[in-house]
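In my numbering, the protein residues as written are 2 to 489. We treat Cβ as the ideally placed atom computed from N, Cα and C, and that holds for glycine. Scroll down for the structure; my scribbles are underneath it.
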């Protein structure tokens with residue numbers, strides 16, 4: 002969201018934006034905005050932090066904590082937005098300063114997908130105050146395939162069948178676990194609907210989806226940050242549900258800009274880059290695996306993460322692992338287990354991801370497959386090993402695997418996925434030996450000279466993405482079109 006705001010301001014010198022965000026991520030967001038060369042637009046961007054003070058360190062929380070925090074943030078936003086419309090200064094939760102909106106009438110309101118349910122509140126607030134509502138735009142920071150799934154007849158019909166009286170576990174068991182409805186999207190391998198939940202993630206709550214899906218599709222228009230060159234085949238499906246979709250990705254800092262450092266939390270300053278430099282000296286280019294499973298869900302089980310670390314030791318593969326937000330039984334063992342790797346591994350609370358990905362020592366990125374991680378990896382020309390959890394991750398893994406710029410791990414799937422043959426024809430046994438065999442095969446495919454084809458494809462897609470956002474590119478054109486919203 003912050004990136005979109007900055008880029009719109011850079012494109013239109015008359016635009017002013019008031020930006021609400023959680024105070025919990027204030028430190029990281031402040032560091033990120035420096036990477037967008039935002040100095041020239043700061044007088045036209047007012048950031049108001051809500052709900053809390055900055056979180057310490059890596060600012061991570063698990064899914065349930067995130068949902069609870071989101072609820073509290075929504076209540077803060079509800080009060081602050083009303084005050085903003087009334088001209089009442091809003092107290093910034095970080096600085097304590099009281100901040101007012103720009104004097105201009107609000108013409109467009111962008112809202113993150115995570116707050117999809119705020120549409121009704123916004124309209125009711127404007128109605129109560131007898132103030133015309135702005136155009137309401139939902140911003141989807143996800144792969145286009147998830148947006149397309151929201152809009153697909155198969156998904157909508159399935160949700161309509163789910164009774165409200167079922168528990169989330171019962172709904173999953175009855176409507177997802179054995180659902181072999183085949184989804185066929187352009188530039189994707191076909192997948193069964195049950196494959197959209199490879200990890201039985203807590204966020205895959207059908208009752209929440211049932212109530213939320215109509216709300217998501219009820220916004221006036223939608224913006225998707227997935228690259229234009231990757232998402233165009235899905236645009237007709239998305240516009241069937243949203244009415245209008247703008248495809249503007251990737252809205253990320255220049256991965257080649259080394260003038261501003263990334264946000265990082267590490268035990269000793271500079272230890273990650275020093276480790277990479279050492280491995281480059283010892284083993285040469287494209288010798289290190291970068292591992293990060295994001296900041297919310299954590300796909301591996303204790304058994305599977307130990308298998309991964311055993312295979313890396315067996316194959317003598319150096320690696321950098323971002324700690325992420327693992328369950329307690331994994332968090333307890335990671336430091337000592339990685340120390341036992343004879344110096345081949347290093348654990349970092351919050352890794353400088355782009356700095357790592359552009360380092361000459363990296364040969365691949367093992368990732369959950371979140372949209373930002375996937376885009377950053379491709380922009381750096383680094384192929385991916387996908388271990389997806391939920392949301393858009395399984396579909397991003399599917400798409401990039403299909404395009405030849407990465408490989409999706411399938412034997413690591415759990416629960417209802419075990420003992421079934423995927424729509425791609427792969428039988429998932431889910432045994433420890435099957436996981437080991439797959440990991441060995443994937444590391445061999447992406448390492449050394451054998452990985453050249455994957456690296457070339459990743460670079461090709463990354464170059465296409467860069468052209469999309471350059472002046473005259475397709476994503477750039479959609480950004481220009483966004484500036485016309487609310488002017489009629």
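Outcome for residue 198 when other beta-carbon atoms lying within 10 angstroms are tallied against a minimum of 16: Taking the first residue of the chain shown as 1, we reach residue 198 at position 197. Result: buried.
task: Within 10 angstroms of the Cβ of residue 19, are there 16 or more other Cβ atoms? Answer buried if so, exposed if not.
output: In the chain shown, residue 19 corresponds to position 18, counting from 1. Under this definition residue 19 is a buried residue.
task: Report the rounded CA-to-CA distance for residue 421 versus residue 56, giving the unit in angstroms.
output: Numbered from 1 along the chain shown, position 420 holds the residue referred to as residue 421. Numbered from 1 along the chain shown, position 55 holds the residue referred to as residue 56. Taking the straight line joining both Cα atoms gives about 42 Å.
query: Mapping DSSP to helix, strand and coil, what is residue 16?
result: Indexing the chain shown from 1 puts residue 16 at position 15. Note: residue 16 maps to coil in three-state DSSP.
task: Would you mind working out which of 52, 252 and 178 sits nearest residue 140, comparing C-alpha positions?
output: In the chain shown, residue 140 corresponds to position 139, counting from 1. Considering only alpha carbons, the answer is 252.
field: Residues that DSSP places opposite residue 193 in a beta bridge
entry: As a first step, residue 193 must be located in the chain shown, where it is residue number 192. Its beta-bridge partners are 183.
message: Please identify the residue among 348, 148, 457 and 187 whose C-alpha is closest to the C-alpha of residue 393.
response: As a first step, residue 393 must be located in the chain shown, where it is residue number 392. Residue 148 is the option with its Cα nearest to residue 393.
query: In terms of residue numbering, what span does the alpha helix (DSSP H) encompassing residue 276 cover?
result: Counting from one through the chain shown, the residue named residue 276 turns up at place 275. Note, residue 276: alpha helix (DSSP H), 272–284.
field: Heavy atom of the ligand FMN within 7 Å of residue 249 beta-carbon
entry: Summarising the ligand content, the structure contains no ligands, and the ligand FMN is consequently not present.
- request: Give the straight-line distance between the Cα atoms of residue 338 and residue 80, rounded to the nearest whole angstrom.
  value: For the purposes of this step, residue 338 is taken as residue 337 along the chain shown, with counting starting at 1. For the purposes of this step, residue 80 is taken as residue 79 along the chain shown, with counting starting at 1. Taking the straight line joining both Cα atoms gives about 47 Å.
query: To which residues of the same chain is residue 289 closer than 7 Å at the C-beta, ignoring the five residues directly before and after it?
result: Within the chain shown, the letter at position 288 stands for residue 289. 277, 280, 319, 320, 321, 362, 363 and 364, listed in sequence order.
- request: Enumerate, from N- to C-terminal direction, the unbroken alpha helix (DSSP H) stretches of 4 or more residues contained entirely within the stretch 110–150.
  value: 119–130
message: What does the Cβ neighbour count give for residue 99, buried or exposed, with the cut at 16 atoms within 10 Å?
response: Along the chain shown, read from residue 1 onward, the residue named residue 99 stands at position 98. Burial call: exposed.
- prompt: Going along the chain, which residues of its own chain have a beta-carbon closer than 8 Å to the beta-carbon of residue 165, five neighbours each way excluded?
  reply: Looking up residue 165 in the chain shown gives position 164. If we look at residue 165 and ignore the five residues flanking it on each side, its Cβ neighbours are 208 and 211.
task: Mind checking who residue 241 pairs with in its DSSP beta bridge?
output: For the purposes of this step, residue 241 is taken as residue 240 along the chain shown, with counting starting at 1. The partner list for residue 241 (beta bridge, DSSP) is empty, contrary to what the question assumes.
- prompt: Taking C-beta to C-beta, are residue 416 and residue 201 nearer than 8 Å?
  reply: Taking the chain shown and counting its residues from 1, one reaches residue 416 at position 415. Taking the chain shown and counting its residues from 1, one reaches residue 201 at position 200. A contact, by the Cβ cut-off of 8 Å.
query: What residue does the beta strand (DSSP E) around residue 205 start on, and which one ends it?
result: Taking the chain shown and counting its residues from 1, the one referred to as residue 205 is at position 204. Premise fails: residue 205 is in no beta strand (DSSP E) and is neither H nor E.
- request: Give the C-beta separation of residue 23 and residue 52 to the nearest angstrom, bearing in mind that I take them to be a contact with Cβ-Cβ under 8 Å.
  value: For the purposes of this step, residue 23 is taken as residue 22 along the chain shown, with counting starting at 1. For the purposes of this step, residue 52 is taken as residue 51 along the chain shown, with counting starting at 1. Rounded, the Cβ-Cβ distance is 5 Å, consistent with contact.
Straight-line gap, residue 396 to residue 241 (C-alpha atoms, nearest Å): Along the chain shown, one-based indexing puts residue 396 at 395. Along the chain shown, one-based indexing puts residue 241 at 240. So the alpha carbons of these two residues sit roughly 19 Å apart.
field: Start and end residues, beta strand (DSSP E) containing residue 409
entry: Here residue 409 corresponds to residue number 408 of the chain shown, with the count starting at 1. Segment 407–409, the beta strand (DSSP E) holding residue 409.
message: Can you list, in chain order, the residues of its chain with a C-beta nearer than 7 Å to that of residue 37? Leave out the 5 residues immediately preceding and following it.
response: On the chain shown, residue 37 is found 36 positions in, with the first residue counted as 1. Taken in chain order, the residues that qualify are 4, 7 and 254.
query: Between 154, 190 and 206, which lies nearest to residue 176 when the distance is taken from Cα to Cα?
result: Here the question's residue 176 lines up with position 175 in the chain shown. Checking every option, the nearest Cα to that of residue 176 belongs to 206.
message: Mapping the DSSP letters down to three states, classify residue 220 as helix, strand or coil.
response: Residue mapping note: residue 220 aligns to position 219 of the chain shown, counting from 1. It is coil, neither helix nor strand.
message: Would you call the stretch 302–315 in contact with the stretch 436–450, where contact means no fewer than 3 C-beta pairs closer than 8 Å?
response: yes
- prompt: If you draw a straight line from the C-alpha of residue 162 to the C-alpha of residue 367, how long is it?
  reply: In the chain shown, the residue the question calls residue 162 occupies position 161. In the chain shown, the residue the question calls residue 367 occupies position 366. Going from the Cα of residue 162 to the Cα of residue 367 covers about 37 Å.
- request: Let me know if residue 30 comes out buried or exposed under the rule of 16 or more other beta-carbons within 10 Å of its beta-carbon.
  value: For this step, residue 30 is matched to residue 29 along the chain shown. Counting Cβ neighbours within 10 Å, residue 30 comes out buried, since at least 16 surround it.
message: Can you tell me whether residue 381 is helix, strand or coil according to DSSP?
response: Numbered from its first residue, the chain shown carries residue 381 at position 380. Three-state result, residue 381: coil.
task: Using alpha carbons as the reference points, say which of 21, 35, 70 and 192 lies closest to residue 112.
output: Locating residue 112 in the chain shown gives position 111, where the first residue counts as 1. Among 21, 35, 70 and 192, the Cα nearest to that of residue 112 belongs to 21.
- prompt: Alpha carbon to alpha carbon, how far is residue 174 from residue 193?
  reply: On the chain shown, position 173 is the one that residue 174 refers to. On the chain shown, position 192 is the one that residue 193 refers to. In a straight line, the C-alpha of residue 174 is about 15 Å away from that of residue 193.
- request: Apply the 10 Å Cβ neighbour rule to residue 354 and answer buried if 16 or more other Cβ atoms are within range, or exposed otherwise.
  value: One-based indexing of the chain shown puts residue 354 at position 353. Counting Cβ neighbours within 10 Å, residue 354 comes out buried, since at least 16 surround it.
field: Environment of residue 300 [buried if 16+ CB atoms lie within 10 Å]
entry: Counting from 1 along the chain shown, the entry for residue 300 is found at position 299. Answer is buried; the Cβ neighbour count reaches 16.
Reduced DSSP secondary structure (H/G/I, E/B, other) of residue 323: Numbered from its first residue, the chain shown carries residue 323 at position 322. It is a strand residue.
message: Which same chain residues end up closer than 8 Å to residue 214 when comparing Cβ atoms and leaving out the 5 residues on each side of it in sequence?
response: Translated into the one-based positions of the chain shown, residue 214 becomes position 213. So the qualifying residues of the chain are 151, 156, 157 and 160.
- prompt: Exposed or buried, residue 469, counting other C-beta atoms within 10 Å across all chains shown (16 or more means buried)?
  reply: The residue given as residue 469 occupies position 468 in the chain shown. Buried.
- prompt: If you check the beta carbons only, do residue 462 and residue 414 fall under 8 Å apart?
  reply: Residue mapping note: residue 462 aligns to position 461 of the chain shown, counting from 1. Residue mapping note: residue 414 aligns to position 413 of the chain shown, counting from 1. Contact flag unset, no.
- prompt: Shortest alpha-carbon distance to residue 181 belongs to which of 190, 44, 195 and 54?
  reply: On the chain shown, residue 181 is found 180 positions in, with the first residue counted as 1. Residue 181 has its Cα closest to that of 195, out of 190, 44, 195 and 54.
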